[in-house]
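Protein chains in written order, with the numbering used here: chain A, -10 to 345; chain B, -10 to 345; chain C, -10 to 345; chain D, -10 to 345.
4 protein chains.
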Amino acid sequence: MAGNIFGNLFRLSSYGESHGEAIGGVIDGCPSGLELDFEAIQNDLDRRKPGQSRIVTQRKEPDEVQFHSGIFEGKTTGTPIGFAIYNTNQKSQDYGHIKDSYRPSHADYVYDQKYGHRDYRGGGRSSARETAARVVAGAIAKQLVAPMIIKAYVSQVGDLTLHTPYSELDLNAIEANDVRCPDATMASAMEDLIMKVRKEGDTIGGVVSCVIQNVPIGLGEPVFDKLHAELGKAMLSINAVKGFEYGSGFAGVRMKGSEHNDAFNSDGTTVTNHSGGIQGGISNGMDIYFKVAFKPVATLIQPYTTIDKDGNTVETKGKGRHDPCVVPRAVPIVEAMAAMVMADYMLLNQIHKNQL
Amino acid sequence: MAGNIFGNLFRLSSYGESHGEAIGGVIDGCPSGLELDFEAIQNDLDRRKPGQSRIVTQRKEPDEVQFHSGIFEGKTTGTPIGFAIYNTNQKSQDYGHIKDSYRPSHADYVYDQKYGHRDYRGGGRSSARETAARVVAGAIAKQLVAPMIIKAYVSQVGDLTLHTPYSELDLNAIEANDVRCPDATMASAMEDLIMKVRKEGDTIGGVVSCVIQNVPIGLGEPVFDKLHAELGKAMLSINAVKGFEYGSGFAGVRMKGSEHNDAFNSDGTTVTNHSGGIQGGISNGMDIYFKVAFKPVATLIQPYTTIDKDGNTVETKGKGRHDPCVVPRAVPIVEAMAAMVMADYMLLNQIHKNQL
Amino acid sequence: MAGNIFGNLFRLSSYGESHGEAIGGVIDGCPSGLELDFEAIQNDLDRRKPGQSRIVTQRKEPDEVQFHSGIFEGKTTGTPIGFAIYNTNQKSQDYGHIKDSYRPSHADYVYDQKYGHRDYRGGGRSSARETAARVVAGAIAKQLVAPMIIKAYVSQVGDLTLHTPYSELDLNAIEANDVRCPDATMASAMEDLIMKVRKEGDTIGGVVSCVIQNVPIGLGEPVFDKLHAELGKAMLSINAVKGFEYGSGFAGVRMKGSEHNDAFNSDGTTVTNHSGGIQGGISNGMDIYFKVAFKPVATLIQPYTTIDKDGNTVETKGKGRHDPCVVPRAVPIVEAMAAMVMADYMLLNQIHKNQL
Amino acid sequence: MAGNIFGNLFRLSSYGESHGEAIGGVIDGCPSGLELDFEAIQNDLDRRKPGQSRIVTQRKEPDEVQFHSGIFEGKTTGTPIGFAIYNTNQKSQDYGHIKDSYRPSHADYVYDQKYGHRDYRGGGRSSARETAARVVAGAIAKQLVAPMIIKAYVSQVGDLTLHTPYSELDLNAIEANDVRCPDATMASAMEDLIMKVRKEGDTIGGVVSCVIQNVPIGLGEPVFDKLHAELGKAMLSINAVKGFEYGSGFAGVRMKGSEHNDAFNSDGTTVTNHSGGIQGGISNGMDIYFKVAFKPVATLIQPYTTIDKDGNTVETKGKGRHDPCVVPRAVPIVEAMAAMVMADYMLLNQIHKNQL
């Protein structure tokens, strides 16, 4: 209930602060007999890790995962998979300047109010560092849900919006550039914008789009655990996310029912897919697609005015190595959370597949 | 796990189909000693019920709730509150025309695929009728979370968008018109649009905005159960919802961090509130506000082409009494789900309020 | 979390007090397509109901269950099954004498302390009346787990103990007498003892034994949710239960490993079954058997001394119609709880049956 | 749902096999601000560890716990506490003899059937090694629930039974001998019996008794999550446990209600305590006491006949270093599970303590 466990049958218990000994987790409920591709797991971690390109934070963290249990001879055993990633580059001295004041639009203030103290060495538990544990579990979930394919990409940075629908994009080109936008021209413009913003010591928001293909029909548990509701919660649990929409989303509001309805083909597929692959909370076999809005990162490398614990006004200045825009590194996190939801709902649906 | 239970400590188990004997639920975890205002509960049911105005479905259902347990001498006892609303106006004959075919963008097809059959007498469990149980539980939750105030209203119908921020609206004027938009001029235009769409036998989408005031600091459980993540899931679980955003939402993506950050006042409140009252998943005491996008209702009173169970093309026509636009009746549902989340998270936060 | 929901995938949310409007529940997670035998459900309710024989309480309650949802054309639909049993014979005037005092070894005192008040009209939520909801859900679970067979019987009343192992008893003879002991001679002695105790205005304890046959191999979730751990919790949740043992139980303590170990036959069955059909928390296909100890009912029809709310000593006297011995009516309750556990664990095991 | 998570608000996610890299866990929901006594944690691990005395297995494992998160400056922070204990003495070669056959009354066979394979290097997940993670979490829970005191001791080994009630024993003498029985004469006899059984290459069962003192009134959630039901499940989840009874237990069956009822003193305490400190599933402030029955360990150092994977009869012989009697090392495990239950229910009860 304290919020560090995700999922129902495929469950991740996550732990770890940015400046503690290690982060890690326990995956409970992964079925036995899954042959793991460890390179793919590390590859997703590398896509998330700091320092991977010039447009992200320049912190260096190797982010190597150690598995402690649940795997024997390269396969899952059905028992819980414990894992840890040791923190090797903590530099807590970088954060001394924030020990006595609250950073605007950070979680400092509310953590202090809720827990009666805070780990001032950095973001602590509110740091995006915890998402590395999500990526490990998500990378395993991806392998479990195959042949489902889950691909995310950056579709907006600031005002720069990629309007091309996903079906007209080459999703294999996502990793061809640092910003992870499959349109090369747009990618280049986005990178320029991020570099410009970084030079100003400022940050900028963005949108990550995600597509899930080869989805079996029937995933989703009405009424409170609709598939898109759980996907939405999963995305909104990622740091800095401010919005989620799937299928026609907010734009669908403007449509009439006669335009929006997806007519059936004779095989049960639909001619259009405004529904985004989900009807009544249950997958209908069409592609699932959704968008996730990320706010601009709160940490600026600029002077700012804020308050200390006693409410006194203080002048301070952001330091350290931070992301000017979070979305390039958020791409594998969005995929990971999507994969965990799909794995969980695939397992939940077994009781119906085995019905009487 | 089958999706009909909502919440952690304040829990609703909901049941009921549109054409069964009754709908209802069990609320487990409501603390003892809450003096209930039964009129307020019925009032919220009346705001949701069909037939309440000319712009909603003309079905007539009294929607009177019977409480079976958990209340003694007008107060909650701490034991589960069982309740039922009997279905009195089922008219399943109205639905004979859909028995043998799948309605586009309805849940017919996926229910049939998932459960191996369907209750063809109407929407069954996928009908919005089940939301009446949510409204009962939400009305009790509202009383539990007082002095928090939860108010929702219609801010968009089709292309008609109310751009005025909530803080400049008179939230006491929401119930002054049938569409539940606090701006009288806009309300009138929205009602005209809905009547026009109804005449065409068509439907139109809309947006419900919601504001939560007097929120204590500290509600929300990092990292997976962030307060806005649970609010998002709650909203996305409502029929026809396609998107959720809070605070600056999708528009915040275009902002720079220097614009978006909410500077502190000396008392810990913030000058602006782009954060939407939540930092790092935890309430910061400022107003929480969010938007919920509803697609146009799928049921049209127009001829349409679809498929039957064998994949044959059939020509059919929507009949019955349906909503041309769902948002006026969705307002109390949005409030109810918000209230249940706030009640649940208020209780979850007790372990921290009572810390050592 | 408030304790009125049982199970993981097959879930009962139960509600209701002895003197409220109705008791009932919601079963969520029953797979679709189960053709229900409604007579069997009512039959189990009749086995539990008061007034069924001279050795139980003489209260008369028809205990007829109304199903509100989740069933269509005689089959489960996969949606939640809501049900209610109206209280028709409340006679709360019978309980006026206990309004101002706490009955020894009842839950009056602790309910008052925990919830800040109590429903003095009788046992309220702590009354065994709530077990009727368990019997409804259990009767459905029994049908779901077929061909598993679950049979309970009375094996001890006071000092009268049936030492014959279950395998030498005719389990079809359980219902042949009022006390539900399959040995006719012992049954007769037990009934005499109960009638004697009743005449004294006193009560006596007893033991219910239960056997589960035709169990598939593999049910049970290590490590915390071992099959026998969940069976134990299920039984200990029944009113008046003080102990649970399975297989060799407390007597097994005295054995050496060389005596206790169950040697394998070549087909994987075992020669002996001291294990009680469960190894390491997982069913091994042998019969599961266990015992449940019930204390003597606390309500006596004798004068007694106790305290009132202010701690003053008061002299009072039990009135009303109570069971002199709870075990004859507990037999279907033990079966019901066992059936719910087996249904739940059968569904939980689907993820392993469908492994990669 | 896969069974490796224990608790509701105070939650342990446990992982690890006997021959893997490490065992460990994540504790989610421990309130912030608890100053930890790390020596007390290690002390409980030392009471559980192999090789501590001549009457337990002679394996040597240091069992040193590393904390990865959730603790800052010696205090809990309210974020999850991740921890690991590395396996340093695995000697999997010891187990080669069991790779191809199933050991009687072990979990080998059912694991293989359930998961489609097994980790033949030892007990794997079914090994009691996993209980070290319980002891870590329990040692923290003990500190959280103070001033509650939780003390367990050995009250029976084979036929040797300590009949003295706990209230007449010196519970501070428990650790004075290797067998952890507070009666020195009985302890000596028990040790002799265990040594005799060991020499025979055999094993023997035992009973652990546990007392919880200074319990606040009101812990326990009716109806399915009664305090003793959760204690029972917690105990039955420990390896080798076959039975649980609390208060008067199985012996109470023989009593009449007039003997069994606990009369009130004017302060709400009771004259006797047959109830074992719990009424209607809720603590009444009196001492809680219960007994846990452990079967004889299945691993014998004797030749035995069993089957291999193909059902062929094979002759084999137990090797390795095993416990002749599990109860001396089970004492801290029983305490740990009891502490976790009490911590969880103390937190669950906050919603009632903070009632309106």
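Every residue gets a Cβ at the ideal spot worked out from N, C-alpha and C, and that includes glycine.
From a predicted model like this one, the values you see are computed outputs, not experimental measurements.
- With respect to Ile267/B, Leu216/B sits close: the two C-beta atoms are nearer than 7 Å.
- For Lys298/A, the closest Cβ of chain B is not nearer than 7 Å.
- The three-state reading of DSSP puts Val45/C in coil, since its state is none of H, G, I, E or B.
- Per DSSP, Tyr4/A is one residue of the beta strand (DSSP E) stretching across 0 to 4.
- Per DSSP, Ala141/A lies in no alpha helix (DSSP H) segment; the continuous beta strand (DSSP E) that holds it begins and ends at 138 to 146.
- Of all residues in the stretch -5 to 18 of chain C, those with a C-beta nearer than 8 Å to a C-beta of chain A are Leu(-2), Gly18, reading in chain order.
- Interface flag for Met335/A against chain D is unset, since no Cβ pair is found closer than 7 Å.
- Within the stretch 107 to 135 of chain B, contact with chain A at the beta-carbon level (separation under 8 Å) is assigned to Arg114, Ser115, Glu119.
- Among the residues of chain D, those whose CB is under 9 Å from the CB of Ser21/A are Lys103, Tyr104, Gly105, His106, following chain order.
- For Pro292/C, the pairing in a beta bridge is given by DSSP as Lys306/C.
- Taken in chain order, the complete beta strand (DSSP E) segments of 3 or more residues contained in the stretch 149 to 231 of chain A are 195 to 202.
- Remark: C-beta atoms of Ser21/A and Thr65/A approach each other more closely than 7 Å.
- Between Phe72/B and chain A, the shortest Cβ-Cβ separation is not below 7 Å.
- Cβ-Cβ distances below 6 Å link Ala287/B to Ser94, His95 in the same chain, with the five nearest sequence neighbours on each side left out; the list follows chain order.
- For Glu234/D, the pairing in a beta bridge is given by DSSP as Gly232/C, Lys280/D.
- At a cut-off of 7 Å, the C-beta of Leu225/D has a neighbouring C-beta in chain C.
- Per DSSP, the continuous alpha helix (DSSP H) segment holding Gly246/B begins and ends at 246 to 249.
- DSSP, reduced to helix, strand and coil, places Lys131/C within a helical segment of the structure shown.
- When DSSP states are grouped into helix, strand and coil, Ala73/A belongs to the strand group.
- Residue-level contact check: His57/A touches chain D, since one or more beta carbons of chain D fall below 7 Å from its beta carbon.
- Ranked by Cα distance from Val303/A, the first of Val330/B, Gly221/B, Ser255/B, Glu234/B is Ser255/B.
- Closer than 7 Å to the CB of Lys215/A there is at least one CB belonging to chain B.
- A direct Cα-to-Cα measurement between Ile70/C and Leu220/C gives close to 23 Å.
- Note on geometry: alpha-carbon atoms of Ser2/B and Ala252/A lie some 34 Å from one another.
- The residue from Glu50/C, Ala11/C, Gly307/C with its alpha-carbon nearest to that of Gly190/C is Gly307/C.
- Put simply, the CB of Pro69/A is near chain D, with a gap under 7 Å to one of its CB atoms.
- Spatial neighbours of Tyr155/C in its own chain (CB-CB distance under 7 Å, excluding positions within 5 residues in sequence) are listed in chain order as Ser198, Val200, Tyr278.
- Cβ proximity to chain B below 9 Å picks out nothing from the stretch 40 to 56 of chain A.
- For the stretch 298 to 315 of chain D, the residues whose beta carbon sits under 8 Å from a beta carbon of chain C are, in order, Gly300, Asn301, Thr302.
- Judged by DSSP in its simplified three-state form, Asp17/A adopts strand.
- Per DSSP, Phe239/A is not a residue of any alpha helix (DSSP H), being assigned neither H nor E.
- By the 16-neighbour rule on beta-carbons within 10 angstroms, His152/A is exposed.
- Lys298/D sits in coil when the DSSP states are folded into three classes, being neither helix nor strand.
- With fewer than 16 neighbouring CB atoms inside 10 Å of its own CB, Glu28/A falls in the exposed class.
- In this structure, Thr295/A is the residue among Asp299/A, Asp312/A, His311/A, Thr295/A with its C-alpha nearest to the C-alpha of Thr305/A.
- Closer than 7 Å to the CB of Val212/C there is at least one CB belonging to chain D.
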